[in-house]
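Structure first, then comments.
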Amino acid sequence: MTEYDLERYLTVRRAYGASLGPEGRLAFLLDTTGVPQVWTLDEPQGWPTQRTFYDESVSFATFSPTRSELVFGMDEGGNERMQLFRLDADGSITPLTAMPDAKHRWGGWSSDGDRFAFASNRRDEAEFDVYIQDRDATGDAAERVFEGDGWFGVSGWSPDDDALVLMEAHSTFNQDLSVLDLATRERRQLTDDDEQVRYLSVQWGPDGESLYLVTDKNSDTLYLARMDAETGEIERVRDGGEWNIDGVSIDKDNDLLMYSRNVDGYTELTLADLAGPGELDPIGLPEIPGNVAGGVSFGPDGDRLALASSSRRLNTTVSVVDVAALREADSSDRAGDTEGRSGAVTRWTDAGAAGIPRETFLEPDLVHYETFDGREIPAYFTQPTEIPADGSPVIVDIHGGPESQRRPSFTGLTQYFLARGYAVFEPNVRGSSGYGKDYTHLDDVERRMDSVRDIGAALDWLESRPDVNTDRIVAKGGSYGGFMVLASLIEFPERWAAGVDVVGIANFVTFLENTGSWRRELREAEYGSLAEDREFLEEISPINNVEKIEAPLFVLHGANDPRVPVGEAEQIAEEAREQGVPVEKLIFEDEGHGISKLENQIEAYSAVVDFLDEHV
């Protein structure tokens with residue numbers, strides 16, 4: 120039995136979402152109060168100052184490039200209708216949008232900090248237009264500069280603030296780019312591919328004549344590319360080999376670029392000077408704490424950058440890299456001095472681990488198992504410190520998306536289960552991102568159940584191990600992972616001791632009918648359309664096969680969920696209970712797509728633990 124209770128593990132803190140201000144101040148999100156709020160620091164490991172005091176989660180915060188003020192975003196009760204606010208240096212907060220029925224998606228500051236851009240579905244819930252607003256304007260004062268006919272977003276301002284680059288998403292794996300001239304309001308299309316191509320992490324180059332981004336055009340994996348901002352012509356800058364280059368950040372004013380490579384879920388970072396168009400001059404980068412890193416923010420003078428990082432033994436923290444010191448080391452006879460170079464990375468935040476020794480947190484083994492068609496499926500497998508003679512019970516934890524990827528970052532709930540004696544198995548089944556374009560499409564539409572067969576192969580792998588108790592295996596997952604839980608309970612009913620479905624899909628037809636109208640087209644591109652694939656969607660929906668479920672089921676959901684409406688939980692709980700399945704259902708009235716508030720997490724997962732204690 121663990122020495123620490125569940126609440127302690129759930130109160131392990133996260134510091135992330137860093138932004139460096141014009142005077143060197145660091146802003147970041149920290150969940151000390153139970154939900155992420157904006158905090159600031161003026162020096163590493165100093166006493167942070169809380170800047171926002173809401174009961175709702177703040178989703179992002181970004182400093183103005185010229186003033187000691189920042190914009191942050193927040194919705195209400197998890198409804199994802201984000202509003203924008205300005206936080207001034209004196210602590211005063213100004214609502215910038217105040218249109219609670221619409222979503223607002225941040226598009227960045229202009230270089231002078233006088234304006235900002237965003238996309239919003241104010242005009243039509245299913246369409247996103249592009250707006251520009253003065254920093255001191257409020258309410259409906261924004262100027263609509265482009266009327267969209269789909270899912271449009273703003274990827275940033277040109278260096279001279281004369282244009283915006285827009286991204287139109289057709290699906291998770293299919294985007295197009297265009298440039299909007301703010302003087303003429305003419306939009307210049309840069310891409311219009313016949314096949315699905317991703318254009319992600321788009322950044323203006325310092326010269327204003329090019330864009331830097333990651334794409335899989337004519338490639339199975341994402342690579343770093345430079346695109347001509349006039350013609351859309353692409354030049355490959357760096358290739359990730361068999362792995363994705365999955366993010367790029369640029370400091371336009373100081374010709375700096377950082378990109379990340381996703382190697383089987385672990386992050387490799389590269390920092391470089393932009394010596395010329397498409398020419399990178401690498402800067403030696405010391406080791407960053409943790410295994411997974413991202414969210415880069417450059418300081419205004421190009422001498423520093425901040426980023427967040429995590430591992431299974433390191434709860435998420437923010438570090439600052441002294442770029443000037445690294446440049447000096449590269450140009451001196453200390454270029455090979457790794458010890459001196461490591462001093463250029465400083466952890467600024469020290470988010471608490473709730474008094475739990477970090478050395479007790481456990482790291483996973485990266486494993487691969489063979490599935491039904493001979494493919495190797497990657498997974499993380501973590502065994503508890505002590506394994507009973509008859510083997511450990513196992514939680515098979517399935518990620519959502521499905522176009523997501525389980526990575527070895529920190530989660531307090533996982534560490535609690537390990538401390539309680541559970542092993543944790545986290546597969547990246549077909550359809551997961553991070554393993555190439557072909558892999559992500561192996562579960563599209565009519566091949567949906569092949570990903571469930573990958574779970575069956577995972578059970579075979581687990582059951583071949585003497586250190587696993589095959590009578591005590593649990594399926595757990597959220598969102599699409601919730602569907603995977605329900606489908607796995609149906610396909611392999613006798614092999615599970617219990618299932619935990621968190622905000623999961625029970626009926627693809629009702630899910631698509633009731634999900635937010637702004638999301639429906641994107642989701643149909645992945646799952647199949649109501650018009651053309653309705654019969655198949657009915658066939659694979661767990662609600663229509665519920666009589667096959669044998670294992671006890673826990674269903675957890677947020678009443679305000681705009682992605683997977685709460686009706687999915689209501690119907691599967693009712694139908695499974697009518698079949699004689701032991702069912703527990705817990706709905707939170709102030710949550711959306713997931714359980715985000717600490718007090719709700721404690722209540723929810725305490726109930727889950729009691730449920731597993733009873734049935735597993």
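The opening residue of the sequence shown carries number 120 in our numbering; numbering runs sequentially from there. Just so you know, even glycine gets a beta-carbon here, dropped at the ideal spot from N, CA and C.
Should residue i and residue j be called a contact, given that it needs their Cβ atoms to be closer than 7 angstroms?
i	j	result
G297	Q308	According to the sequence displayed, residue 297 carries Ser and not Gly. In contact: S297 and Q308 (Cβ atoms closer than 7 angstroms).
W228	S183	yes
A760	A180	In the structure as shown, the chain starts at 120 and stops at 735, and residue 760 therefore has no counterpart that could be examined.
W110	A670	Residue 110 falls outside the range modelled here, since the chain spans only 120 to 735, and no answer is possible.
A678	E708	yes
N663	E657	yes
L561	V621	no
T340	G555	yes
A625	E687	yes
S187	G136	no
Y331	R317	no
S598	G471	no
D441	A463	yes
V543	A594	no
T435	R133	yes
A221	N198	no
Y535	Y128	yes
E328	A302	no
Considering only residues of the same chain and omitting the five flanking positions on each side of residue i, which have a CB-CB separation below 7 angstroms?
i	result
T216	Q202, L203, H223
S523	S551, S552
I251	R234, A236, A261, E262, V264
F529	S429, S430, R431, L433, N434, T435
What does the alpha-carbon distance come out to for the pair residue i and residue j?
i	j	result
R432	P408	10 angstroms
R234	L149	27 angstroms
D732	A238	47 angstroms
V486	L343	28 angstroms
A454	W362	Because A454 sits at a pLDDT of 48, beneath the cut-off of 50, its placement in the model cannot be relied upon, and the point is left open.
E246	V564	25 angstroms
A256	E262	10 angstroms
P588	Y558	Contrary to the premise, residue 588 reads as Asn rather than Pro in this sequence. Cα to Cα, N588 sits roughly 31 angstroms from Y558.
L608	K667	8 angstroms
D370	D248	27 angstroms
I592	S725	19 angstroms
D161	G324	30 angstroms
D383	E352	30 angstroms
R466	V628	48 angstroms
G360	D392	22 angstroms
M218	A538	45 angstroms
E111	G413	Nothing can be reported for residue 111, as the shown portion of the chain is limited to 120 through 735.
V356	T350	17 angstroms
I721	V604	22 angstroms
H712	V683	7 angstroms
S178	L426	16 angstroms
H734	D590	11 angstroms
T168	W158	5 angstroms
Apart from the five residues just before and just after residue i, which ones in its own chain have a Cβ nearer than 8 angstroms to its Cβ?
i	result
E478	R432
E505	G540
D231	P184, T185, D280
I496	H487, Y488, E489, T490, P546, N547, V548, R549, D573, A576, A577
D326	P278, P396
Q698	V665, E666, I668
By Cβ distance below 6 angstroms, which residues in the same chain neighbour residue i in space, the five residues on each side in sequence not counted?
i	result
P701	P671
M120	Low per-residue confidence applies at M120: pLDDT is 48, beneath 50, and the placement is therefore not dependable enough to give any value.
S368	M377, V415
V131	N434, A472, A473, G531
G196	N679, D709
D300	A282
W580	Y488
L319	V333
S660	N626, F627
State yes or no: is the C-beta of residue i nearer than 6 angstroms to some heavy atom of the ligand SAH?
i	result
L424	Ligands are entirely absent from the displayed structure, and the ligand SAH is therefore not among its contents.
Just to check my reading of the structure: residue i and residue j have Cβ atoms closer than 8 angstroms, yes? What is that Cβ distance to the nearest angstrom?
i	j	result
G153	E718	6 angstroms
P527	Y499	6 angstroms
W276	E287	Their Cβ separation, rounded to whole angstroms, is 18 angstroms, which puts W276 and E287 out of contact at 8 angstroms.
Check whether the stretch 262 to 281 and the stretch 509 to 521 are in contact - that is, three or more C-beta pairs closer than 8 angstroms. no
Should the stretch 559 to 574 be regarded as contacting the stretch 393 to 400, the criterion being three or more beta carbon pairs within less than 8 angstroms? no
So, do the stretch 440 to 448 and the stretch 479 to 499 have three or more beta carbon pairs nearer to each other than 8 angstroms? Contact between the stretch 440 to 448 and the stretch 479 to 499 is absent, because fewer than three Cβ pairs lie under 8 angstroms.
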